[in-house]
Structures are given as C-alpha cells and as structure tokens.
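Okay, structure first, notes after.
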Amino acid sequence: MAEVPEAGSTPDADVVALCAALIRFDTTNRGQGDCEGEREAAEFVAAHLTGSGLEPVLLESAPRRSNVVVRVPGADRSLPAVLVQGHLDVVPAVAEDWTVPPFAGEIRDGYLWGRGAVDMKDLCAGTLSVLRHWSRAGLRPRRDVVVAFVADEEDNGDYGADWLVQHHAGLFDGCAAAIGESGGFTFGGPDSPVRLYPVGTAERGTLHLRLSATGRAGHASRPNPSNAVVAIVRTLERIASHEWPVHLTPAVAAYLRGAADALGVAADLDDLSTVDELVAKLGRAGTLAAATVRISSTPTGLAAGGKVNVIPSTASALVDVRTLPGTADEVLSVIDSMLEPTVERHILARRDAVAAPMDTPWFHAMADALRAEDPEAVVLPYCLGGGTDAKAFSSLGIACYGFAPLRAPLDPTEYDYRAMAHGVDERIPLDGLRFGARVLDRFLRTV
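Residues in the sequence shown are numbered from 850 upward in steps of one, following our numbering.
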C-alpha cells in the first residue's frame, strides 16, 4: 500500500501528493469486468479517511471491485446532505505512446502527469485533501457531506455507482445534490481574456445499439440480392449521414446565451437556423456546445464474414446514439425507419438524459466558490455531451452537477484540458490542482 502523505495545514496542501499517489495505482478498466487495481486504490483511500478521523465503509460488488463511502457529519444535520462522487478506475494507456510512464505520477514542467490526472483522480485527491484539512483544523461542514469513491465508471458502472444505488441506497439518504466530474474548469480561447467556468447541469442520454442483418449465404462471384453486408452498409450510411435537427435544451441554451454575452457575440436563439453559426462565432467556447445542440448517431463497429469470396448469411454493426431529454423513443422510431428490411435493431444499453435545476442555491454556491478564487470567473451551466455516474445517482432523486474545479491556461496550445481525459500524456497543472482543492473546500463547507 502506498504511504499516506503527511497532513498539511491548508485545504490544498496535500492535493498534489495525494493525486500522484492515486495515479500510481494502476486502476485500468478494460471493460467486461477486467479491472483489478481498484482494490488497492480503495484501501489507500479508506486508510486516508480513517486517518482523518472518519469511518469509511469499503464495499466490494465483486472480488477486487471496490467502492468506498463515508459520511462527514455537518454542523446542522437537519439540512439536506451533499454528495461528492468520484471514480477510481481509469481507461487504458499505451505506455509507448506517452512522454512519461502513465502510472508514475511524475511532476514535470509544472504539471502532474499520469493516467487519471483529470479523469478523475484530481477530484478524488482534492476531496481527500480537504477532509484531512478539516480534521487537522477541527472544521465541520455546514451540512452532512457524503463522499463516494466508486469503481467501474469507465465501463458501465455495474460494479460501482449502479451497484451502490441498487444495493446500498441507504448510504445516500438525505442527499439532495451531488457534484462529480466534468465541470468547474477554466475554458476559453487564446485570443480572449474571458475565463469561462462551465458547470455541468445536464447530460445527454445514451443509446447503444446493435444492428443485425440476415441474408442468403453464397459465392461472391454470383449475383445475390440478399446480401447481409450490403443491407448493413446501406443502413449505416443512412444513420451516419442523417442530420438531426437542432434541439436546444435549457442547459445548452443557457450556456450559449451566457457565452455569447461574455464574449460580446450577438445571439438569437429564437431562430434555430442560426445556432450552428453562433456556435462557430463563439470559437473555442462554442466547441463545448457543438455536440449538444442536437442528437448524434455514430456507427462504431462492423462485423461480417471471414472469407473474401464468401457472402456471409449475417452481418452486424454497433451504433452509439446520444439523446436529449425526452427524445429517446422518437430517436428509436427514426432509426427504425432507416433500417433495411432484413436488419433488426437491438438495444444494448439505454440511459436517459438527466438534468439538474440551474437557478438553485447549489449552483450559486459553486459559482461563489469559484469567484472567491478567481474574481473574473464567468460561471455558466452546460450540458455534457457524454455521460457520467450522475445518471446512477440521479435515479435516487439527487440533483447531480459536474463540478470538479480546476484553473487551467486558456491557450489550448499550452494546455488543452478537453484533450486530456482518455488522451495521451494526460496531465494537470499543479497550481490548477491546488486551486481546485481550495474551491472545493469553500463550496463544501459553506453550501
């Protein structure tokens, strides 16, 4: 087990050392249950929490698929609790592609390098650093703070958040709001001094589909109008080329309006035909909304045949669909209309879109905490293009927000935050990591 760093006297004192220690646990999630390193990371987290005077519970959904949950009592226990949720697993990293070993937790050029640095061992480390500071300084949050360090987010959550929600929902009793990954980071462009801090208030839904075609097997040299491969290809061409209409959800509309106002760009969201042009005018700030102004459907896999001169009797494909609130059934109907007669559609996974209210004390407390550390911060709601464990915790009636605060350079040629998660040479600025711990401390103590 890695050594727990000595306690510091400020909320950000330990965050770099803790994040480096967490990175050094190889918690690679290869999918389909293949992830063994979570156990050691969970034991490290539990030991740190125990050393901070808390009583964590370590729960395994399967051998070595470990989750840690702890409740920190607040000064006023009649208030609704807030949940901090973070995952300990990471996606694979090919060491040969990296400048530094991906699990070394190396500090270089003002950055902490390693797989998980921004996805999302930074928030896990920041939370641990804050809790240790509270213990050392004799501080208590205003309300109960529940913290969950979970497994398996980088696959389906079956061994992590979903399992906890299904089998240990009582651990989250009283939680009214939650914070997690993908929000509260600096975002903007190299040509603008405006520092946007988007906070996730919504996520697109997920529909994972398998398409299966049947036909008549035969020799490839002979005409065959019942070719399963052709049926699949024709279907995929329709799906890939289909242009879904602009559909502005409240979170996306609020982000576009706020970003346009901050950057001095005219915006008319009543005319949906101008939305794509507005996204382009917003420059780099617009890229954060580009994927969420409409539904998307992307072919991601194709399987058929095995011999070049044989027409197979079956062919299949995978399609990743991202939906907006209330659109899933309509999306399936549209996709069904694009299928060739011999193609069937099967749902592999369905997670509906989720959204949290924007004009709430929770959101305002996040904005206040950011502005306390960066007075020029422009805090906006936004919609995540992908998905997180927020979908699982939302099923308990918890309003989930993407809020893992980080201050980063605006110039993407210096540091491109959005390229870090799942990317090669993932890293996080040391000053930004400390900034995040201070913001987190302020939010959790005062909300």
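By construction, the Cβ of each residue, glycine as well, lies at the ideal position given by its N, Cα and C atoms.
Strictly by DSSP, which residues pair up with residue i?
i       : result
Asn1169 : According to the sequence shown, residue 1169 is Asp rather than Asn. Its beta-bridge partners are His1057, Thr1147.
Ala911  : Arg914
Phe1034 : Leu1255
Leu961  : Ile956, Ile1277
Pro1230 : Val1048
Thr1163 : Thr1063
Ala1204 : Ala1051
Val906  : Val918
Thr877  : Val939
Taking the alpha carbon of residue i as the reference point, which residue from the options has its own alpha carbon closest?
i       : options                            : result
Gly954  : Pro929, Leu867, Gly1038            : Leu867
Arg981  : Asn1005, Ile1081, Pro860           : Pro860
Thr1176 : Leu1121, Ala1214, Pro950, Thr1098  : Thr1098
Leu908  : His1017, Ser858, Val995, Arg926    : His1017
Gly902  : Gly987, Val1168, Phe1242           : Gly987
Ala1153 : Thr1147, Arg1065, Glu1179          : Arg1065
Gly1032 : Pro1039, Asp1040, Tyr1046          : Tyr1046
Val940  : His1271, Leu1293, Gly975, Arg1291  : His1271
Phe893  : Arg879, Ala911, Ser915             : Ser915
Glu1275 : Pro1190, Ala944, Thr1147, Gly882   : Ala944
Cys973  : Asp1265, Leu1255, Arg1267, Tyr1264 : Leu1255
Asp968  : Leu1085, Ile1277, Ser1165, Val1048 : Ile1277
Arg1143 : Asn1158, Ala1202, Arg985           : Ala1202
Ile1196 : Asp1208, Val1157, Val1180, Trp1211 : Val1180
Val1157 : Glu1263, Pro1039, Gly1067, Pro912  : Gly1067
Thr1084 : Cys884, Leu1060, Ser1122           : Leu1060
Ser1244 : Thr1063, Thr1136, Leu1229, Cys1024 : Cys1024
Thr1147 : Trp1093, Pro929, Arg1106           : Trp1093
Asp1265 : Thr1163, Thr1136, Thr1295          : Thr1136
Pro990  : Ala930, Pro1039, Ser1090, Ser1162  : Ala930
Val994  : Val919, Asp1120, Pro1039, Gln1015  : Val919
Asp1007 : Ala911, Phe1034, Leu977            : Ala911
Gly975  : Val996, Pro951, Gly1037            : Val996
Glu1263 : Val1192, Gly1038, Val1227          : Gly1038
Pro1190 : Ala1268, Thr1063, Glu1003          : Thr1063
Arg913  : Leu937, Val933, Ser927             : Leu937
Val865  : Arg1283, Val1288, Arg1291          : Arg1283
Val1043 : Arg1294, Val1192, Val1228          : Val1228
Ala1164 : Phe952, Pro1174, Leu1173, Leu1151  : Leu1151
His899  : Ser858, Val917, Thr1050            : Here residue 899 is Thr; the residue named in the question, His, does not match the sequence. The residue with the shortest Cα to Cα distance from Thr899 is Val917.
Phe1292 : Gly1235, Ala1214, Ala1226          : Ala1214
Ile1081 : Ala1134, Arg1071, Ser1162          : Ser1162
Gly886  : Phe952, Val906, Ser858             : Phe952
Contact check, residue i vs residue j under 8 Å by CB: the rounded distance?
i       : j       : result
Gly1029 : Gly923  : Not a contact, Cβ separation roughly 20 Å.
Glu1299 : Ala1239 : Outside the displayed range of the chain (850 to 1296) lies residue 1299, so it cannot be described from this structure.
Val999  : Leu1013 : 7 Å
Ile872  : Gly959  : That pair is no contact at about 16 Å.
Ala1108 : Leu1131 : 5 Å
Ala1102 : Leu1118 : 6 Å
Ala1253 : Gly1281 : Not really, about 11 Å apart at Cβ, beyond 8 Å.
Arg1194 : Thr1055 : With a Cβ gap of about 15 Å, Arg1194 and Thr1055 do not count as contacting.
Cys1249 : Phe1242 : 5 Å
Ala896  : Phe874  : No, Ala896 and Phe874 are not in contact; Cβ-Cβ is about 13 Å, not under 8 Å.
Glu1002 : Thr1209 : In fact, because the Cβ distance is near 25 Å, the residues do not count as touching under 8 Å.
Gly1234 : Arg1171 : 7 Å
In the DSSP assignment, find the beta strand (DSSP E) that holds residue i and state where it starts and stops.
i       : result
Ile1277 : 1276–1278
Gly1029 : 1024–1029
Ala1051 : 1044–1052
Ala1198 : 1192–1200
On the DSSP letters alone, give me the boundaries of the alpha helix (DSSP H) that residue i sits inside.
i       : result
Phe893  : 887–900
Cys868  : 864–872
Gln1015 : 1010–1016
Asp1185 : 1177–1186
Pro1210 : 1210–1222
Give the list of continuous alpha helix (DSSP H) stretches no shorter than 4 residues that lie fully inside the region 1232–1288. 1239–1243
Which ranges would you report for the alpha helix (DSSP H) in the region 924–1003 if only whole runs of at least 4 residues count? 970–986
Ignoring anything shorter than 4 residues, give me the alpha helix (DSSP H) runs that lie fully in the region 1069–1143, in order along the chain. 1077–1090, 1099–1112, 1124–1130, 1133–1139
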